[in-house]
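Chains S and G supply the protein sequences, listed in that same order. 71 is the number of the first residue of the first sequence in my numbering; add one for each residue after it. 89 is the number of the first residue of the second sequence in my numbering; add one for each residue after it. Beta carbons are placed, not taken as given, at the ideal position from N, Cα and C, and that holds for glycine.
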Amino acid sequence: MKNVNDPKQLLVSAIESGTVIDHIPASTLFKVIKILRLDRIQNQITFGTNLESKTDGKKAIIKIAGKFFEDDDINRIALVAPNAKLNIIRDYKVIEKRVVEVPDTINAIAKCMNPKCITNFEKVTTRFRVVSKKPVALKCLYCEKITDQERLEII
Amino acid sequence: MKPRSLVSIDDLTTGEITKILSLAAEFEENPVQDILRGKVVATLFFEPSTRTRLSFESAVNKLGGKVIGFTDSASSSVTKGETLNDTIRTVNNYVDLIVMRHPIEGSARYASEISTVPVINAGDGANQHPTQTLLDLYSILKTQGTLDNLNICLVGDLKYGRTVHSLLMAMSRWKTSFNFVAPEELMMPDEYKLYLRNLGLDYYETPDLNEVINMADIIYMTRVQRERFSDPMEYEKVKNAYVLHDHMLSDTKPGMKILHPLPRVNEISTDVDANAKAYYFEQALNGVYTRQAIICTLLGLK
Chain S
71 MKNVNDPKQL LVSAIESGTV IDHIPASTLF KVIKILRLDR IQNQITFGTN LESKTDGKKA
131 IIKIAGKFFE DDDINRIALV APNAKLNIIR DYKVIEKRVV EVPDTINAIA KCMNPKCITN
191 FEKVTTRFRV VSKKPVALKC LYCEKITDQE RLEII
Chain G
89 MKPRSLVSID DLTTGEITKI LSLAAEFEEN PVQDILRGKV VATLFFEPST RTRLSFESAV
149 NKLGGKVIGF TDSASSSVTK GETLNDTIRT VNNYVDLIVM RHPIEGSARY ASEISTVPVI
209 NAGDGANQHP TQTLLDLYSI LKTQGTLDNL NICLVGDLKY GRTVHSLLMA MSRWKTSFNF
269 VAPEELMMPD EYKLYLRNLG LDYYETPDLN EVINMADIIY MTRVQRERFS DPMEYEKVKN
329 AYVLHDHMLS DTKPGMKILH PLPRVNEIST DVDANAKAYY FEQALNGVYT RQAIICTLLG
389 LK
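Have a look at this one:
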């Protein structure tokens, strides 16, 4: 069987079936892991980081065996990995490629940059409306202040 | 079903605003009624605001309701470390409606999500104070007979002033032209100017009140506070430029009215008080009628 992945990706072993998330900036790999809660699932996961990329500088890649994401879930990583590409693998073949898109609302993953916001005082799940996708700007549903890309922190 | 709360002026459609204002006019005609008999309203003031609290309590009392609550967090269980979540979950068992003032931004939205009874935001930090905005709109409507095609002159601290930002956003629903009068350091933030431009509404900025005062239908005064200036010298230079005196009013429009959210310090000279154009104390009275209208609307009693 011929593998469709390029040889560089094989630095991280191929999976039989599951999801490959490619073109993650190396600097945000661990944020992506956190957002997707990959630290809490039992699936086999391999990842590589600081890989050379022609287009992105240092990139990272994650391969999750036996896991397929809903759009709503995977789009959450667009905040930190806007150029991420998904390869859906079945039987060692890429059966589908997907890009991520910043969703219209962001819940529970970003921190409001306003130190006087209630979400920074009590256990409130943060909720934002996305007012701009590129660059990302989030409007807090509580204090109504804008958190921009520069000040974006993942909880 | 979630009860209807009032957290931000944007929660209301223009139709709902108009309805509340005409209800306020009904209460002005007939302010003492028995509509709230048997109802209990909580005034939870996590920071003191005597004027706002008394206005709400007067509104409830005139309608036959009872008020319970506290006037600052020192006299509440907050000092024992209780969370806002727990306070709201407890208090909403005792009352039919909660009026809340809190120094933390977004606290009112959060409370409205938790509470089983309607919550009225009476100010959440620098964020929103929608009942002030509605009473300002009522005062403008009552004195001008319309909200359309008015010239509104906003004066003073336009950078940090929550009241002027909310009023601007609310008045932008009608065809309003704005004059912004402020010192360089306290000019209207760009986001609001951009908002008006996108709506095709006119505005003009100047540091000189005399330049635009005679065009105004409404002059909305706010206080220029010393602590807002990074350079105290700048404050000393401008502090007297944003004080309204009676002699400045001689050529203003006959129907023009001066509004101020109060408390006033020195930004309106006391010699203005006797002028028929001074309206800030009546504005405070309008607050009672407007709050009666808001409370009854949220409780579904009118």
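Next on the checklist: Which residue marks the beginning of the alpha helix (DSSP H) containing residue 230 (chain G), and which one marks its end?
Outcome noted: For residue 230 (chain G), the uninterrupted alpha helix (DSSP H) segment begins and ends at 218 to 232.
Item to check | Any non-hydrogen atom of the ligand MN closer than 6 angstroms to residue 330 (chain G) Cβ | outcome: Absence of the ligand MN is noted for the structure shown, with no ligands found whatsoever.
Checklist entry - Does the Cβ-Cβ distance between residue 374 (chain G) and residue 304 (chain G) come in under 7 angstroms? => result Contact flag unset, no.
Next on the checklist: Between residue 128 (chain G) and residue 150 (chain G), how many whole angstroms is the CB-CB distance? I'm expecting something under 8 angstroms.
Outcome noted: Contact flag wrong, Cβ pair sits at about 15 angstroms.
Checklist entry - Should the stretch 330 to 338 of chain G be called in touch with the stretch 207 to 223 of chain G, which here means at least 3 C-beta pairs below 8 angstroms? => result At 8 angstroms Cβ cutoff, the stretches do not touch.
Next on the checklist: Considering only the alpha carbon of each residue, which of S:143, S:171, S:202 and S:127 lies closest to residue 97 (chain S)?
Outcome noted: For residue 97 (chain S), the closest of S:143, S:171, S:202 and S:127 by C-alpha to C-alpha distance is S:127.
Next on the checklist: Give me the subset of the stretch 168 to 194 of chain S whose CB atoms are less than 7 angstroms from a CB atom of chain G, sorted by chain position.
Outcome noted: 184, 186, 187, 188, 189, 191, 192 and 194
Next on the checklist: Just to make sure I have the definition right: I need the residues of chain S whose C-beta is within less than 8 angstroms of the C-beta of residue 193 (chain G). Which are they?
Outcome noted: 184, 186, 187, 188, 212, 213, 214 and 215
Next on the checklist: Mapping the DSSP letters down to three states, classify residue 138 (chain S) as helix, strand or coil.
Outcome noted: If DSSP states are grouped into helix, strand and coil, residue 138 (chain S) belongs with coil.
Checklist entry - What are the boundary residues of the beta strand (DSSP E) that residue 189 (chain G) is part of? => result 185 to 190
Checklist entry - Any idea if residue 267 (chain G) is buried or exposed, counting beta-carbon neighbours within 10 angstroms, 16 or more meaning buried? => result Classified as buried, residue 267 (chain G) has 16 or more neighbouring CB atoms from the shown chains inside 10 Å of its CB.
Checklist entry - Ordered along the chain, which non-local residues of its own chain (more than five positions away) have a Cβ less than 8 angstroms from that of residue 225 (chain S)? => result 178, 179, 180, 181 and 196
Checklist entry - Exposed or buried, which one is residue 71 (chain S) when buried takes at least 16 other CB atoms within 10 Å? => result Per-residue confidence for residue 71 (chain S) stands at a pLDDT of 44, beneath the threshold of 50, marking its modelled position as unreliable; the derived number appears in the next sentence. The residue is exposed, with fewer than 16 neighbouring Cβ atoms inside 10 Å.
Next on the checklist: Let me see if you follow: with CB-CB separation under 7 angstroms, is residue 171 (chain G) close to chain S or not?
Outcome noted: yes
Item to check | Collapsed DSSP secondary structure at residue 95 (chain S) in the structure displayed | outcome: Strand.
Next on the checklist: Buried or exposed, going by whether 16 or more other CB atoms sit within 10 Å of the CB of residue 94 (chain G)?
Outcome noted: buried
Item to check | Contact the stretch 312 to 320 of chain G vs the stretch 266 to 285 of chain G: 3+ CB pairs below 8 angstroms | outcome: Using a Cβ-Cβ distance cut-off of 8 angstroms, the stretch 312 to 320 of chain G and the stretch 266 to 285 of chain G are in contact, since at least three pairs of beta carbons, one from each stretch, lie closer than that value.
Checklist entry - Whole-angstrom Cβ separation of residue 169 (chain S) and residue 155 (chain S), contact assumed at under 8 angstroms? => result 6 angstroms
Checklist entry - What alpha helix (DSSP H) runs, 4 residues minimum, are completely inside the stretch 130 to 207 of chain S? => result Every alpha helix (DSSP H) of 4 residues or more that sits fully in the stretch 130 to 207 of chain S is shown, in chain order, as 141 to 144.
Item to check | Below-7 angstroms beta-carbon distance, residue 377 (chain G) vs any chain S residue | outcome: Judged by the 7 angstroms Cβ criterion, residue 377 (chain G) is not in contact with chain S.
Item to check | Own chain residues within Cβ distance below 6 angstroms of residue 79 (chain S), not counting five before or after | outcome: Residue confidence for residue 79 (chain S) is low, a pLDDT of 49 falling below 50, so the modelled location carries little weight; the figure read from the coordinates is stated next. None.
Item to check | Same chain only: Cβ atoms within 7 angstroms of residue 131 (chain G), ignoring 5 sequence neighbours per side | outcome: 141, 144, 145, 155, 157 and 187
Next on the checklist: Report the CB separation of residue 215 (chain G) from residue 192 (chain S) in whole angstroms; it is logged as a contact under 8 angstroms.
Outcome noted: A Cβ-Cβ distance of about 16 angstroms is found for the pair residue 215 (chain G) and residue 192 (chain S), leaving them out of contact under the 8 angstroms criterion.
Checklist entry - Is the beta carbon of residue 381 (chain G) sitting closer than 7 angstroms to the one on residue 111 (chain G)? => result yes
Checklist entry - With 7 angstroms set as the bound, which would you pick, yes or no: does the beta-carbon of residue 118 (chain G) sit closer than that to a beta-carbon of chain S? => result no
Checklist entry - Secondary structure at residue 304 (chain G), three-state DSSP: helix, strand or coil? => result coil
Next on the checklist: Checking the sheet assignment: what are the DSSP bridge partners for residue 293 (chain G)?
Outcome noted: G:268
Next on the checklist: Going by DSSP, what residue range makes up the beta strand (DSSP E) through residue 105 (chain G)?
Outcome noted: That residue, residue 105 (chain G), is in no beta strand (DSSP E); its alpha helix (DSSP H) goes 102 to 117.
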